[in-house]
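**Student:**
In my numbering, the protein residues as written are 1 to 157.
As structure tokens, this is what we get:
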């Protein structure tokens with residue numbers, strides 16, 4: 001851990017905020033793609049309906065942020081839809097994201113969640129509550145959460 005901090009402060013190592021690699025520098029795998037997709041699908045359905053704009057935003061976000069080929073996105077989303085119905089699975093996915101991604105990467109995922117919220121141009125109280133819960137579960141500060149929303153509003157994700 002201290003070596004990583006020393007490397008960062010000496011300029012020899014950057015802290016990752018992209019999602020194509022986890023915090024250890026490993027290429028992200030199917031499990032992380034599905035874990036993120038579950039949260040995006042959960043958000044899209046938080047107001048009891050998934051608007052077409054939300055579905056499209058969700059797919060594009062996965063493709064762009066993870067570098068997933070467009071042809072693989074439907075399979076990941078279908079796996080996410082099936083997985084979110086299993087009791088306790090969301091906790092497993094949040095834990096996986098917390099273990100494998102750093103704060104900046106989790107902030108980027110929260111920004112993706114906000115991007116889905118904003119896609120239909122209306123923010124429901126359930127969507128807002130879900131985003132707040134994810135902020136806490138990702139162990140992000142209020143400032144990091146506010147920045148995530150700004151990233152979504154500004155088109156940075």
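Note that the Cβ used here is the ideal one computed from N, Cα and C, for glycine as well.
1) What does a CB cutoff of less than 7 Å around residue 115 pick up in its chain, not counting 5 residues either side in sequence?
2) Helix, strand or coil for residue 65 per DSSP?
3) So, under 8 Å CB-CB, residue 135 and residue 98 are touching, yes? Tell me the CB distance rounded to an integer number of Å.
4) Please state the DSSP three-state secondary structure of residue 21.
5) Whole angstroms are fine: how far does the CA of residue 113 sit from the CA of residue 143?
6) What whole-angstrom Cβ distance do residue 90 and residue 41 have, given they're in contact under 8 Å?
7) In chain order, what are the residue ranges of uninterrupted alpha helix (DSSP H) at least 4 long that sit wholly in the stretch 65-125?
8) Short of 8 Å in beta carbon distance, which residues of its chain neighbour residue 63, apart from the five on each side in sequence? Order them along the chain.
**Tutor:** In this structure, then:
1) 57, 61, 152 and 157
2) Looking at residue 65 - three-state DSSP - the assignment turns out to be helix.
3) Not a contact, Cβ separation roughly 12 Å.
4) strand
5) 16 Å
6) Incorrect: roughly 10 Å between the Cβ atoms, too far for contact.
7) 73-84, 89-100 and 103-119
8) Closer than 8 Å at the Cβ level, and outside the excluded window around residue 63, lie 69, 70 and 73.
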